[in-house]
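For the sequence shown, the numbering used here gives the first residue as 452, with consecutive numbering after it. Here a beta-carbon is modelled for each residue, glycine too, at the ideal position from N, C-alpha and C. Contents: one structure, followed by commentary.
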Amino acid sequence: MSNKERRKVVVAGTFEILHPGHVALISYAKRFGDVWVVVSRDETVRTLRGRDPIIPEDQRRFMIKQIKGVEKVLLGKKGEDKLKIIEEIKPDILILGPDQPYNQNELKAALEARGLKVEVKRLNRSFEDFPLCRTKKIVERIKQIFCKP
452 MSNKERRKVV VAGTFEILHP GHVALISYAK RFGDVWVVVS RDETVRTLRG
502 RDPIIPEDQR RFMIKQIKGV EKVLLGKKGE DKLKIIEEIK PDILILGPDQ
552 PYNQNELKAA LEARGLKVEV KRLNRSFEDF PLCRTKKIVE RIKQIFCKP
């Protein structure tokens, strides 16, 4: 497949503490074309999680750029419209992670309402090959080590 024929595949997320689950998601996306990653802004993390991000957005963006197979990394748009960046990228495929709380059909319909024909796929299997494959588990482990009574 030539570069002109390669599909643009978008993965979006917070990527707060980079772990094997993130790499598995990006590897899955790579099977479908050139991977573009959208990293959530710090303000989005505050809105979603109700706290400051552990790692600042520029550092999270830098780390994602280092993953083999990532074509381009962008920061999400500021503000409430999370689909604006997808509208600008115009991907062929949008990949959701197993824990992302979006309904595939509703997301596809919202993108179609913006004039985008985007295939929405989900990685259904959580990556559990290692014990610390989620940010929450990593934070809990750090607390176990450093917050002993």
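Sequence-distant residues of the same chain with beta carbon closer than 6 Å to residue i, five excluded per side
i      : result
PHE513 : none
GLU538 : ARG565
LYS535 : LYS528
VAL524 : VAL488, ARG512, ILE515 and LYS516
Neighbour-count burial assignment, residue i, 16 or more Cβ in a 10 Å radius
i      : result
ARG592 : exposed
GLU467 : buried
GLY464 : buried
GLY548 : buried
Other residues of its chain near residue i: CB distance less than 8 Å, five sequence neighbours each side excluded
i      : result
GLN497 : It should be pointed out that residue 497 corresponds to Arg in this sequence rather than to Gln. Within the same chain, ARG497 has close Cβ partners ASP503 and PRO504.
Sequence-distant residues of its chain with Cβ nearer than 7 Å to residue i (five each side left out)
i      : result
LEU526 : VAL490, ARG492, GLU508 and ARG512
Between the CA atoms of residue j and residue i - distance to the nearest angstrom
i      : j      : result
ALA560 : ILE596 : 45 Å
GLY472 : SER478 : 10 Å
ARG500 : LYS568 : 30 Å
PRO552 : LYS599 : 33 Å
LYS519 : ILE540 : 20 Å
LEU545 : PHE578 : 19 Å
ILE589 : ASN554 : 27 Å
VAL521 : ILE515 : 8 Å
LYS594 : ALA480 : 32 Å
ASP550 : ARG585 : 10 Å
Reference residue i, options the options, closest by Cα
i      : options                           : result
GLY566 : LYS529, ARG457 and LEU558         : LEU558
PRO542 : GLU563, PHE581 and THR495         : GLU563
TRP487 : ASN575, ILE546, ASP580 and VAL460 : VAL460
HIS470 : PRO582, LYS599, PRO600 and CYS598 : PRO582
ARG576 : ALA475, GLU456 and LYS535         : ALA475
ARG573 : LYS519, GLU456 and ARG482         : ARG482
ASP485 : VAL590, CYS584 and GLU456         : GLU456
Residue i beta carbon near the ligand GDP (any heavy atom closer than 6 Å)
i      : result
LYS519 : The ligand content of the structure shown is nil, which means the ligand GDP is not present either.
>> Quick check on the DSSP output: what are the complete alpha helix (DSSP H) runs of length 4 or more inside the segment 482-519, in order along the chain?
In response: 493-500 and 508-516
> Unbroken beta strand (DSSP E) runs of length 3 or more, entirely within the segment 550-579: which are they?
Replying inline: 570-573
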